[in-house]
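Colleague:
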Amino acid sequence: MNKDKIFKLAKGFRGRAKNCIRIARERVEKALQYSYRDRRTKKRDMRSLWIERINAGTRSHGVNYGNFMHGLMKENIQLNRKVLSELSMHEPYSFKALVDVSRNAFPGNKKVVLPPTKVGLSIVV
Amino acid sequence: KALAGLRRINLEGLRWRVFDAKGEVLGRLASQIAMVVQGKDKPTYAPYREDGDMCIVLNAKEVCVTGRKMTDKFYRWHTGQDGYVGHLKERSLKDQMAKDPTEVIRKAVLRMLPRNKLRDDRDRKLRIFPSSEHPFGDRPLEPFVMPPRKVREMRPRARRALIRAQKKAEQQLQGTGHTRKGKKREVQIEESDG
Numbered sequence: 001m002n003k004d005k006i007f008k009l010a011k012g013f014r015g016r017a018k019n020c021i022r023i024a025r026e027r028v029e030k031a032l033q034y035s036y037r038d039r040r041t042k043k044r045d046m047r048s049l050w051i052e053r054i055n056a057g058t059r060s061h062g063v064n065y066g067n068f069m070h071g072l073m074k075e076n077i078q079l080n081r082k083v084l085s086e087l088s089m090h091e092p093y094s095f096k097a098l099v100d101v102s103r104n105a106f107p108g109n110k111k112v113v114l115p116p117t118k119v120g121l122s123i124v125v
Numbered sequence: 001k002a003l004a005g006l007r008r009i010n011l012e013g014l015r016w017r018v019f020d021a022k023g024e025v026l027g028r029l030a031s032q033i034a035m036v037v038q039g040k041d042k043p044t045y046a047p048y049r050e051d052g053d054m055c056i057v058l059n060a061k062e063v064c065v066t067g068r069k070m071t072d073k074f075y076r077w078h079t080g081q082d083g084y085v086g087h088l089k090e091r092s093l094k095d096q097m098a099k100d101p102t103e104v105i106r107k108a109v110l111r112m113l114p115r116n117k118l119r120d121d122r123d124r125k126l127r128i129f130p131s132s133e134h135p136f137g138d139r140p141l142e143p144f145v146m147p148p149r150k151v152r153e154m155r156p157r158a159r160r161a162l163i164r165a166q167k168k169a170e171q172q173l174q175g176t177g178h179t180r181k182g183k184k185r186e187v188q189i190e191e192s193d194g
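From first to last, the protein sequence lines are chains A and B. Number 75 in UniProt numbering belongs to position 75 of the first sequence; there are no gaps in the numbering. Number 122 in UniProt numbering belongs to position 122 of the second sequence; there are no gaps in the numbering.
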């Protein structure tokens with residue numbers, strides 16, 4: 001009964017860990033521990049990935065992530081980072097509008113723009 | 001010819017960015033290149049797939065370093081097998097530039113990339129050339145604008161040394177008439193005249 005459950009969880013493991021009960025039991029226990037831990041770290045990793053994407057998107061408009069967020073907080077825009085990263089990927093014009101709003105609220109960057117800004121927006125599409 | 005080949009592996013929705021290394025500081029340039037090669041300046045960045053732009057670096061032999069790194073920066077590596085002590089070889093920056101200036105930038109960028117399985121693919125996207133000639137003239141190339149750099153003010157001792165060197169250079173340009181040897185000769189001429 002327990003063996004069947006272990007083997008069911010051990011599908012896709014490498015070598016003897018999917019076939020031999022002694023090894024499979026160890027590996028499955030470890031796998032469950034990792035998945036417990038990673039359900040919590042997944043939330044952290046996703047947030048940092050959103051922040052990286054927002055950073056990339058705003059830097060192509062000359063503003064870095066910190067100043068961008070500060071400007072948004074000042075304007076009391078409560079969009080979260082998940083939505084902002086989706087906007088920066090798929091809705092470039094709305095994102096640019098947000099960047100401009102933030103820049104008005106909190107100026108603080110020298111503007112460094114790539115010469116053809118059309119290319120900068122077209123890569124996202 | 002190895003520069004034009006080895007390109008079948010990556011996909012071609014990417015831009016070709018051109019970096020001009022002339023007069024750029026080595027590490028600062030390398031960190032910008034590493035950001036672009038990883039694809040971290042695109043909002044569609046994903047850590048599991050390789051999406052960076054092709055980077056072409058020109059004028060690699062004109063890259064600069066500050067301080068005394070030209071003579072004092074050493075590239076060290078271990079030769080010999082099985083972990084025996086000894087066999088440490090080193091080579092200074094000057095010699096490396098004389099031998100192969102592209103390796104300097106390549107090492108700098110490679111050591112700034114994360115050590116994972118994508119590092120080799122990113123290495124393949126980096127093409128470095130010592131001068132301005134490159135075989136990629138038919139591509140749609142895009143120059144990369146370096147962000148403006150705040151140069152720190154020189155420390156007082158270095159500034160005084162620089163001023164002294166400038167004054168010495170000016171004196172040499174103005175001719176040898178002002179040196180002591182010149183004065184002696186003038187005095188002798190006057191004495192002989194008088």
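Even for Gly, the Cβ is constructed at its ideal location relative to N, Cα and C.
I'd like to know whether the C-beta of K125 (chain B) is nearer than 7 angstroms to at least one C-beta of chain A.
Modeller: The residue labelled residue 125 (chain B) in the question sits at position 125 within the second sequence. No - not a single Cβ of chain A is within 7 angstroms of the one on K125 (chain B).
Colleague: Would you say D41 (chain B) faces chain A, with C-beta separation under 7 angstroms as the test?
Modeller: Working through the second sequence from its first residue, we reach residue 41 (chain B) at position 41. Yes - at least one Cβ of chain A is within 7 angstroms of the one on D41 (chain B).
Colleague: Using CA atoms only, rank isn't needed, just tell me which of B:I56, B:V37 and B:A46 is closest to S131 (chain B).
Modeller: Along the second sequence, read from residue 1 onward, the residue named residue 131 (chain B) stands at position 131. S131 (chain B) has its Cα closest to that of B:I56, out of B:I56, B:V37 and B:A46.
Colleague: Using beta carbons (cut-off 7 angstroms, strictly below), is S88 (chain A) in contact with chain B?
Modeller: For this step, residue 88 (chain A) is matched to residue 88 along the first sequence. Interface residue, yes.
Colleague: For the candidate residues B:H134, B:R49 and B:H87, whose alpha-carbon lies nearest to that of D120 (chain B)?
Modeller: The count along the second sequence starts at 1 and reaches residue 120 (chain B) at position 120. Ranking B:H134, B:R49 and B:H87 by Cα distance to D120 (chain B) puts B:R49 first.
Colleague: DSSP state of E170 (chain B), grouped into three classes?
Modeller: As a position in the second sequence, residue 170 (chain B) is number 170, starting the count at 1. Reduced to three states, the DSSP call for E170 (chain B) is helix.
Colleague: With 7 angstroms as the threshold, decide whether the Cβ of R103 (chain A) is near any Cβ in chain B.
Modeller: On the first sequence, residue 103 (chain A) is found 103 positions in, with the first residue counted as 1. No, because no Cβ of chain B sits closer than 7 angstroms to the Cβ of R103 (chain A).
Colleague: Could you check whether the Cβ of A24 (chain A) sits closer than 7 angstroms to any Cβ belonging to chain B?
Modeller: Counting from 1 along the first sequence, the entry for residue 24 (chain A) is found at position 24. Output row for A24 (chain A): interface = no.
Colleague: Using three-state DSSP, classify F129 (chain B) as helix, strand or coil.
Modeller: The sequence position of residue 129 (chain B) within the second sequence is 129, counting from 1. Coil.
Colleague: If you draw a straight line from the alpha carbon of R40 (chain A) to that of N80 (chain A), how long is it in whole angstroms?
Modeller: In the first sequence, residue 40 (chain A) corresponds to position 40, counting from 1. In the first sequence, residue 80 (chain A) corresponds to position 80, counting from 1. Each residue's Cα considered, the two are about 19 angstroms apart.
Colleague: DSSP state of residue 232 (chain B), grouped into three classes?
Modeller: The structure shown has nothing for residue 232 (chain B), since chain B only spans 1 to 194.
Colleague: Tell me whether D38 (chain A) sits in a helix, a strand or coil according to DSSP, three-state version.
Modeller: What you label residue 38 (chain A) is simply residue 38 of the first sequence in a count that begins at 1. If DSSP states are grouped into helix, strand and coil, D38 (chain A) belongs with the helices.
Colleague: Using only the alpha-carbon positions, how far apart do E133 (chain B) and L26 (chain B) sit?
Modeller: Here the question's residue 133 (chain B) lines up with position 133 in the second sequence. Here the question's residue 26 (chain B) lines up with position 26 in the second sequence. Rounded to whole angstroms, E133 (chain B) to L26 (chain B) spans 20 angstroms at the Cα level.
Colleague: For the segment 51-64 of chain A, which residues have a CB atom closer than 7 angstroms to at least one CB atom of chain B, in sequence order?
Modeller: Going along the segment 51-64 of chain A in chain order, one finds E52, R53, A56, G57, R59 and S60 with a Cβ nearer than 7 angstroms to chain B.
Colleague: For a test of the three-state rule: what should DSSP assign to D100 (chain A), helix, strand or coil?
Modeller: Position 100 of the first sequence holds residue 100 (chain A). Three-state DSSP puts D100 (chain A) in a helix.
Colleague: Looking at chain A, is there any beta carbon in it that lies within less than 7 angstroms of the beta carbon of Y48 (chain B)?
Modeller: On the second sequence, position 48 is the one that residue 48 (chain B) refers to. Answer no: the Cβ-Cβ gap between Y48 (chain B) and chain A never drops below 7 angstroms.
Colleague: How would you write the range of the beta strand (DSSP E) that K89 (chain B) sits in, first residue to last?
Modeller: Locating residue 89 (chain B) in the second sequence gives position 89, where the first residue counts as 1. Unbroken beta strand (DSSP E) run through K89 (chain B): L88 to S92.
Colleague: Looking at S88 (chain A): is its Cβ nearer than 7 angstroms to the Cβ of I54 (chain A)?
Modeller: The sequence position of residue 88 (chain A) within the first sequence is 88, counting from 1. The sequence position of residue 54 (chain A) within the first sequence is 54, counting from 1. A contact, by the Cβ cut-off of 7 angstroms.
Colleague: Under 7 angstroms Cβ-Cβ, which residues of chain A neighbour residue 203 (chain B)?
Modeller: Nothing in the structure corresponds to residue 203 (chain B), since chain B is present only between 1 and 194.
Colleague: Please tell me whether A21 (chain B) and A60 (chain B) are closer than 7 angstroms, where the distance is taken between their beta carbons.
Modeller: Taking the second sequence and counting its residues from 1, the one referred to as residue 21 (chain B) is at position 21. Taking the second sequence and counting its residues from 1, the one referred to as residue 60 (chain B) is at position 60. Against a cut-off of 7 angstroms, the Cβ pair of A60 (chain B) and A21 (chain B) comes out as a contact.
Colleague: Would a C-beta distance cut-off of 7 angstroms place V37 (chain B) and L110 (chain B) closer than the cut-off?
Modeller: The count along the second sequence starts at 1 and reaches residue 37 (chain B) at position 37. The count along the second sequence starts at 1 and reaches residue 110 (chain B) at position 110. Not a contact, by the Cβ cut-off of 7 angstroms.
Colleague: Out of curiosity, what's the CA-to-CA distance linking G15 (chain A) and A24 (chain A)?
Modeller: Start at 1 with the first residue of the first sequence, and residue 15 (chain A) comes out as number 15. Start at 1 with the first residue of the first sequence, and residue 24 (chain A) comes out as number 24. Their Cα atoms are separated by approximately 10 angstroms.
Colleague: Would you mind sorting Q32 (chain B) into buried or exposed? The rule is 16 or more other CB atoms within 10 Å of its CB.
Modeller: Indexing the second sequence from 1 puts residue 32 (chain B) at position 32. Q32 (chain B) should be labelled buried.
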